[in-house]
Structures are given as C-alpha cells and as structure tokens.
Amino acid sequence: MSRVGWLPVALWIVLLAAAALVILRAPIGADLSAFLPRAPTPAQQVLVDQLREGAVSRLMLVAIEGAPPERLAQLSTALAEKLAPLPAFAYVNNGAADLLERDGAFLLRNRYLLSPGVAPERFSTAGLSQALAEAEGVLGSPLGMMAGELLPRDPTGELLRLVDELQPEHGPRKREGVWFSADGTRALLLVQTVAQGFDIDAQQTAVAQVRSAFAAVAQEQSVPAARLVLTGPGVFAVSTRAAIRGDAERLAAWATVGVALLLLLVYRSARVLLLGLLPVASGAAAGVAAVALAYGSVQGITLGFGVTLIGEAVDYAIYLFTHTAPGRPPARALERIWPTLRLGAATSVCGFGAMLWSGFPGLAQLGLFSIAGLIAALLVTRFVLPRLAPQDFFARAPQRLAHGALWLASLAPRLRVPVVVLVVAALAWLGLRSGPVWDDQLSSLSPVPAADQALDAALRSDLGAPDVRYLAVVQGESREATLEGAERTGVALGNLVAAGALAGFDSPARYLPSEATQRARKQALPAAEQLRASLDQALAGSAFRPGVFDAFLADVAAAREAPLLDRAALQGTGLGLRVDSLVVEHGAHWYALLPLRGVADAGAIGLAVTNAGGVMLDLKRDADALYHEYRARAAVFAGIGAAAIALLLLLALRDPVRLWEALAPLAAAQVLTWTLLLALGERLTLFHLVAMLLVAGVGSNYSLFFEHETLRRGDVRNTLVSVLLCAASTVLAFGLLATARAPVLSAIGTTVALGASLSLLFSAVFSRGLVSER
Amino acid sequence: MSRMRDRSITRLAGPWLLTLALSLATAGRADEGWGLPELMRELAAVPRAQASFVERRYLQILKQPLELTGTLSYVAPGRLIKHTLTPRPERMTVEGDRLLIEDLAKGRSRTLSLQDYPLVWAFIESFRATLQGDLGALERFYRPQLEGARAGWKLSLEPRERRMAAVVSAIRISGSADRISQIEIEETRGDRSVLTVIEESR
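Chains as they are written, first to last, in this note's numbering: chain A, 1309 to 2082; chain B, 5 to 206.
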C-alpha cells in the first residue's frame, strides 16, 4: 500500500518539475489581436496580419499639446530633428517637408516611369503642341505650377501630374509649417519604428526614446507645460502589457493573501494553510504549462485570469478539510466526498468549456488554463494531499462559525417569497426593457482602454488617415503579378470615380507600377532626333523661345536608358513606405490592398472589382457580422455547456425532482445577474455571455451541496462551513478580477462575483434540506 | 520642388494682391510727419475698393511678355478677389486662411489653406496686412522701406524668410496717398512682372 500510495506523489513531483521547465521557457505575449475574433477569409486574415506585423503596426502617432501653436510647432520641429537620426526609427515626419520636398528629386528623375500620362501620342507634334498651349495658359494662371525652372524640363507636366496623383487631397492641416490637429491644439508627427509592432520590447525602447527626446526638447526650449501624447499599435501593446502585467501581479498577490487569510482565520493552522495552497499552486503550474504547450506563449491576460483559479482550486482542499474529523483523516474523508467533489469539478469544467470553443484565441486560452488547472487541483487534492497530510490530521472549523452558518442558513428559507417576487419582477423588467442589451462594438472587446482608442481615432483623423472601411484586395502569385492585378482593378475603379460611384482610391501600383507598365511607358518615349523634330514643329507655333526645352530633350533621352524601378529602388522614399503598407506577402500569395474613399455605390463597386479579378471588403460590415457570429457561436456553446451541467447533475442525482431543486436556484441567480448587470448600465459582450456559463458551473456546486439528499448523507455543519468558505474564496477572486483594466477580465470578474453570490444565496433559500434540518 | 509650385503660385498671386492695396483716396494732408505708420493708417481706413488691372509678365522663356487683364476687389478686413478675364478666365478669392482658385474655362476649382503654402501665404498675408494697415503682420514676412512723399510713394518689401528670398528679390509697391498704382515683383532668376492699376471705383 505504502509504495503504491507514494506513486502519485512521485508522479506529481515529476510533473511539477516538467511544468516548471515548460513555464520557464514560455514567452509572455501581449498580442492585442488575441482577444479579437479570428478572421474568416484569407483576405481578411491578410488584413489582420498586416495590422499585427505590417508597416501599419509600426506606426506611432505623436501629438504635442499644452502650449501656444508657435511653441508647439517649434517643439515638433526639434523633436523630429532629434528622432530622425536615431536608428530605431525608419521614418519621422512632422509635415515640415511635403512629398515634393522629400521625394521631389526621385519623382523628377523617374517621372517618365511613374506618370500615368506617359503615352506615345503625348510626345508627337500634336501632343507637344497641345502641351505647350496648356503651359502658356498655366503661365498666366494663379496656379501656374509649370513656371520656374521646371517648365523647360517638363513641358508635358508629368511631375505635376504625379504630384496631384500621389499627394493626399485631404492631408493633415498645417500651422506654422507643421502638421496640426484641426482644432489647432496639437502638433502632430508620424513616426515609423524599424522594429515590428509585436516586438514589444523593441517598441518599449522606441516609446522610451520618443519620451526622453521630447523631455529634452521641452527642457531646451523651456516649455514645461507641453505634453506628449503617443498612440499606435506598438504604443498600445507596450502600455497594455504593462497594465496587464501590473494587474496580474496585483491581483495574484491580493488573491493569495486573501485566500490565505481566509484559511488562517478559519482553521488557525499553518499546516492547513500550506496543504490548502498545494492544489492551488499545482493547478496554476499545470494551467500555465498547458497553455504554453498548446499555444507556444502565454498571454499576459491569461496570467491575470489565473487569480480565479486561486479562488476555485482552493475549494477542493477546503471541502476536504471540513469533512475531516478526529479519527477521520483526509484519506477516509475522501471516500465519502469524492463523488460530490468529482461532480463539482466536472460542472466547473463544463462552465469553462464555452470559452475553449468560443473561437477567440485569447478566450480559448483562458478556458484551457482553467480546465487544466482545475483538473490538476482536483487530482492533487485526491491523490497527493492525503499522502502528505499526517495520518491523524484533521482540520477543525470553529464551532462558532458553524453555528453562525447554520443560523444564517435557517433564516434563508424565509426569503423564498421575496426572491420569487424579485425574480418575477426581474423577468418582467427584462421583457419590457427596450434598450439594447448587447454592446455591438467590436472595439469594446479590445484590451486597449476606450479613452485611448478614442484618442487614437482622433489623431488618425487629424493626420488624414481615416479608418479604412472599404478595401479592394487583389491576389497574385508574385509581387509583379499582384501589381498587374492592382493596375487592372485600378482601371475599373478609375471608371467608377468618373461615374461618381466612388470619390477616390489608393493603389500600390501608383507608387510602384508593374514592370509591364513601366516598360510600356519607356517604349512610349521617342528617340532623340524624332522628339527634337516634333518639338521644333510644336515650338514654331508657340509663344516659347526656341531652345528653351533642351533640358526636356536630355531628360527624355536619359529616361529611355534608365533601368526599371523595383521595390529596392524605392528604398528610403515615402513611396517605398506606401508600397510596403499596400502590398503584403502572405504564405505563398501576394496581396495588394486598394483602400477606397467615398463609397457611394458599394454594390456597383463590388461587381466591378470582382470583374477585374479582385475582391471588395466592407471591413465594418464583415467585422460586425463576424462579431455576431462569434456571439451566436458562444451562445450555442454556452447552451451546450449548460445542458452538459444539467446532464451531469441528473446523472449524479438520478431524480428529476432533485434535479429541479438543484437547477431552480441557478436559474433564478442567472436571471437576477443579467438584470443587475443591465440595470447597472453594463452593455453586455461575449465575455459576459461566457461568464454566465461559468456562474452556472460554480453555482451548481452550491446547489448540489444544499440539495437535501446530499445534506442528509453528510454533516450539515461541515457542509455549510465548506460551502461558505468556497463561495467566499470564489467571490474574493472574481471580485478582484472585476477591478482589472482589461475588459475581458473585468466583465468575467463582475459577472461571476455577482452570479456566484446570488447562486449561493438562492441555493440556501430554496434548499429543502436546510428546512428539514431545522 | 514644392518650392516651384509655391513659387509659381506666389509669383502670380503676389502682384495682384499688392495691387489691391490700391486706391483709397482721401484728401491730402500735410506731408510732415508722414511715414510708414501714417501710410498704413490711411490704407487701413479704406473699407472697400474696386479696380481693373493690366499685368505684364516678362519671362525669359517666352518670345514676348505675357499680358493679363481683369478686375480686383477688396472688402475690409480680409477678402480679396482677383478676377482674370484674359487670356484665360480665372478667379482667385482669398478669405481668412482659405484660398479659392476657380478655373472658369474648365469649371474646376481648388481650395487651399494658406498655412499649407507658406510662400503663397507670405505674399497674401503681407498684402492683406498692407490693406489692413497691420504693420506688425507685414514685418513678419518683409523688411519694408518707404521712399517718397505722401503724394507719390514707393514701398519696397524685402523678403525675410529664406525660402521666399530664394524666389523673390524684391516687391515694390508704388502709389499716392491711399491709392496703389503699381506693383512690381522682381525674381531672383531675372523674371519680372509689373501690375498696373488702370482705373478704380469705390
């Protein structure tokens, strides 16, 4: 017996060591998108990936506020000058230099490859005559852009055409020569880090560099009142990780202290405390290790959620301790309570099951963590604790506590009528209530606080980077094929712009035309003698002096010899940046993204894009649909989980009447929890939904313990004390979780703390066992 | 290269704007104690002005000067309209920070913010400052120098800002009393334009 008996302990130690190894090697993630739904189509997956890893994820939006505009402008310029040479930043722009100033030389040099206006007829005598007539007109115009030294080099106006094409029409507002918010209170800068957005350590360094550079310039210019505001994916990842880490540490510490105090107060024994914490620690280790093995990394949020395990896992030990007595050591006590314990754990696991299947990677992690943790805690309670506890061990709950609990429980049934009335009233209120129940904003699920999201949206709109809703996506086997596809789709979209169905669009082919297009443009340029002859003829009838356009002849001759542009040729220009953000390699495919602006007729555009070989996405509609789908799916799994819990209870109780007695209090608690949450003004999300199943899982334990057959078989006092303690530890842990900053944690914490309290109360109120005991 | 764009705008916009500082005839006062502040005050007193103009641009790339004609109007405190009739109908309206350019032949228009185009702004704001008698605003962009007497004066503006100075070497506005009769812009490259105010009404 002894040798076999110690086997579980040895196994436990080995497994703990293995878990420790796994945990030590697992990185901690703070991937914001883990708590957003997975995208359903490959095209959307590309977008999500682009958000996570692409050029967009490396953008940092910087605002300076709190000083008069001219001071802000000076700070903006000084900050940009300080950041630009730092190796951490690929791109720093405060608006002081526009497209032409930054990339003007590049555009001028390559205008005959880039300009969509380049065609053979443009360089014929007729084309040139027309161009010269235009130029004359422009010289007299207030917007005579062709004037100056540019006209002699570029009489056909390719550069200006390019600039019109590439320059965003609704760029940021400027004041004092730099970008400003529309209300003039913030100077704005756009910074792109070299590091990827998900490289949080590098992002943290970059954020720190921006902050210290700003502190330095604010001091140099003695503008102490000026403030720095930072947003962007990397910035949020950094702050979220810090907040979640802080939350996780704080919550874990408080929960441990709280549960330890509870055990100490009740049992007044250090030995009981240590034994009680064993299943908890083992469960936590198993949970983290399981997540690390399944996902490769552990989300910070999962660790924060771990505090609930402290509250849940300690219940098994408490339940065991309360059933020990002199002459009834843990091993003997377990023989009596094992079926109940097993059933309780099974219902809890069902409660977490909805998370596992919710489709949210983050939520699934929480579910896996809890299920693995609970099973481990249960097994340790069953097989390890009895071994480690001395043979004569028993934990004694104070008699006063037992008396008090009994007295309270005896009062509970008096509340039956008021509770029934309350539940009926709540049902009526729920039925009559007209306001929205669900929060339909996908963003409400994001761990980034709403205020930060709003700030980010404000800066984005000021910087003229409105949130993209409509996108045409073109797929290809190579970058070249994708650019060709983007050009075809661009032609279709251009027709729609002319027809008024669309205000405008962007395309990577504008910044990097396909090789075929570039070659065609090059071939459109005539040979030197031919061009000179055409030009001379055109000049004869114009106001321009002969010889003025010699630079043009030289430029065209050079362009005929110049190599085609590829991505490498764009390196270091704003064009390269645009191409990178609009062309994405994903798996074996390349995708071109064409953001659409001012969509008036989505149906016509969708059709035209499809005919051109692309796909149009309505991100908002798709995301909303997706969100509803996930909620519906979570509801289905919550229903399955609830049915599984009911089935487990039926199998254990083997009696429909007893099943009803166990379920009725749970149902009442669910109704009142929903009502209270809504009455408190909470907009319910998917997270509340899965939390309700958790309430059912936890609450079923209470009603099971109060179920009168259970009470009759057991020791009422001990049962009462253990249930009270279990509920106290659970409410403590989830109550702490309710204070977390991440919406997923606070929603689950609030719901379960509330639901578990009500479940306990109603279980006592409706217990027949307690009445007969009295 | 945006400089080119800016420059061309400013160089075309500048002359007429300054021309608008025209007119404003009030009766002659004694010249003693007359100077820039007094001229500014007198110009500022004019609530509105209307004029026709002829502008000649002497450009090196053209066989002969380009001639433009049209009308100018000013309403205090900051609304200016230059309506070019020949050779190509076009209208520019400045009000506050907004610059509206209408190509009347093609029916296209374009709105710019002066803050976005520092060179255009320098031209317009200096001129508007002249009309408004706001010497401080004028001095923000130029070093003004006044010669002559009230009956016949010449205000020379030398650009302060580096980018502006790279394009324009000087702007000379001449007039008498509160009337502006001519604006001459000299560019660093050797091109030149002269805008003459040929008649006016108030």
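Cβ coordinates follow ideal geometry from the N, Cα and C atoms, glycine included.
Asked                                                                                                                                 : Found
Of the residues A:Gln1783, A:Ser2030, A:Thr1689 and A:Leu1538, the one placed nearest Trp1646 of chain A, counting alpha carbons only : A:Thr1689
Whole-Å CB distance - Ala1495 of chain A paired with Leu1380 of chain A, under 8 angstroms assumed                                    : 4 angstroms
Segment contact flag, the segment 1617-1635 of chain A with the segment 1890-1909 of chain A, C-beta cutoff 8 angstroms, min 3 pairs  : no
The segment 1833-1856 of chain A: positions lying closer than 7 angstroms to chain B by Cβ                                            : Ala1851, Phe1852, Arg1853 and Val1856
Nearest residue (CA-CA) to Ala1951 of chain A, options A:Ile1552, A:Asp1930 and A:Ala2004                                             : A:Ala2004
Length of the line joining the Cα atoms of Ala109 of chain B and Ala1811 of chain A                                                   : 23 angstroms
Cβ distance (whole Å) where Tyr1778 of chain A is taken to contact Asp1926 of chain A below 8 angstroms                               : 6 angstroms
Beta-carbon spacing of Val1599 of chain A, Gln1512 of chain A below 7 angstroms                                                       : no
Segment contact flag, the segment 1844-1854 of chain A with the segment 1802-1817 of chain A, C-beta cutoff 8 angstroms, min 3 pairs  : no
Own chain residues within Cβ distance below 6 angstroms of Gln1783 of chain A, not counting five before or after                      : His1897 and Tyr1899
Gly1542 of chain A versus A:Leu1572, A:Leu1992 and A:Phe1506, residue with shortest Cα-Cα distance                                    : A:Phe1506
Proximal residues to Gly1374 of chain A (C-beta, below 7 angstroms), its chain only, five neighbours per side dropped                 : Ala1533, Ala1534 and Arg1535
Pair within 7 angstroms by beta-carbon distance, Ile1508 of chain A and Arg1549 of chain A                                            : yes
Ile177 of chain B, enclosing beta strand (DSSP E) - first and last residue                                                            : Val172 to Ser180
Bridge partners - Pro163 of chain B, DSSP secondary structure assignment                                                              : B:Tyr146
Complete beta strand (DSSP E) runs within the segment 1767-1811 of chain A (minimum length 3 residues, chain order)                   : 1778-1784
Beta-carbon separation (whole angstroms), Ala1976 of chain A vs Phe2070 of chain A, contact threshold 8 angstroms                     : 5 angstroms
Contact under 7 angstroms by Cβ, Ala1734 of chain A with Thr1983 of chain A                                                           : yes
Where Asn1401 of chain A falls: helix, strand or coil (DSSP)                                                                          : strand
Below-7 angstroms beta-carbon distance, Ile65 of chain B vs any chain A residue                                                       : yes
Under 9 angstroms from the C-beta of Pro1460 of chain A: neighbouring residues of chain B                                             : Ile65
Members of the segment 116-134 of chain B that neighbour chain A once the beta carbon cut-off is set at 8 angstroms                   : Ser117, Gln119, Asp120 and Pro122
Coil, strand or helix - Leu1833 of chain A by DSSP                                                                                    : coil
Given Leu66 of chain B as reference, the closest of A:Glu1893, A:Leu1440 and A:Ala1404 once Cα atoms are compared                     : A:Leu1440
Residue-chain proximity (Ser27 of chain B, chain A), Cβ-Cβ < 7 angstroms                                                              : The predicted model places Ser27 of chain B with a pLDDT of 33, which falls under 50 and marks its position as unreliable; any figure quoted below should be read in that light. Cβ-Cβ to chain A under 7 angstroms: no for Ser27 of chain B.
CB of Gly1659 of chain A within 7 angstroms of CB of Leu2001 of chain A, strictly                                                     : yes
Residue from A:Ala1762, A:Ser2037, A:Ala1625 and A:Pro2051 with nearest C-alpha to Ser1754 of chain A                                 : A:Pro2051
Of the listed residues B:Ala133, B:Val124 and B:Glu151, nearest to Glu143 of chain B (C-alpha basis)                                  : B:Ala133
Contact under 7 angstroms by Cβ, Gly1425 of chain A with Glu1466 of chain A                                                           : yes
The beta strand (DSSP E) enclosing Thr97 of chain B, as first and last residue numbers                                                : Glu94 to Glu99
Beta-carbon proximity of Leu1611 of chain A to Ala1556 of chain A, cut-off 7 angstroms                                                : yes
From A:Gly1591, A:Gly1661 and A:Leu1872, residue whose alpha carbon lies closest to that of Gly1947 of chain A                        : A:Gly1661
Proximity below 7 angstroms, CB of Pro163 of chain B to CB of Tyr146 of chain B                                                       : yes
Proximal chain B residues relative to Gly1485 of chain A, where beta-carbon distance stays under 7 angstroms                          : Pro122
Interface flag, Lys1482 of chain A vs chain B, CB-CB below 7 angstroms                                                                : yes
Option nearest Glu1442 of chain A by Cα separation, candidates B:Asp107, B:Leu84, B:Leu159 and B:Gly137                               : B:Asp107
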